[in-house]
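In the working numbering, the protein residues as written are 19 to 121.
Here is the structure:
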């Protein structure tokens, strides 16, 4: 009878050890998965930031080029307006003078 009880206790002890080992293994697996998930998350964030920087640089370059084009066009138009003003300045002055003085 003592042998049977000893065997049962031995089997119970081994079973508890196996359960504890399984729990430790499970915790280890979950911890590894958590670390892997965090690594993947950081990698995704890093790639997103790199893409955003590329997009930002492209948009800034594009905006700068567009601004330069608009500035150049505005200067050309202002030069045309100034040329028209210089060409017709005397006529406008005389015309306004005549209308004001009634001549």
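We put the CB at the ideal spot given by N, CA and C, even for glycine.
**Distance, residue 58 Cα to residue 50 Cα** = Our two residues, residue 50 and residue 58, have alpha carbons roughly 12 angstroms apart in a direct line.
**Request:** Return the CA-CA distance between residue 40 and residue 55, expressed in angstroms with no decimal places.
**Result:** Our two residues, residue 40 and residue 55, have alpha carbons roughly 22 angstroms apart in a direct line.
**Asked** With DSSP run on the structure shown, which of helix, strand or coil describes residue 36?
**Response** Under the three-state reduction of DSSP output, residue 36 falls in the helix class.
**Asked** If you draw a straight line from the alpha carbon of residue 42 to that of residue 36, how long is it in whole angstroms?
**Response** Distance between the alpha carbons of residue 42 and residue 36 is about 10 angstroms.
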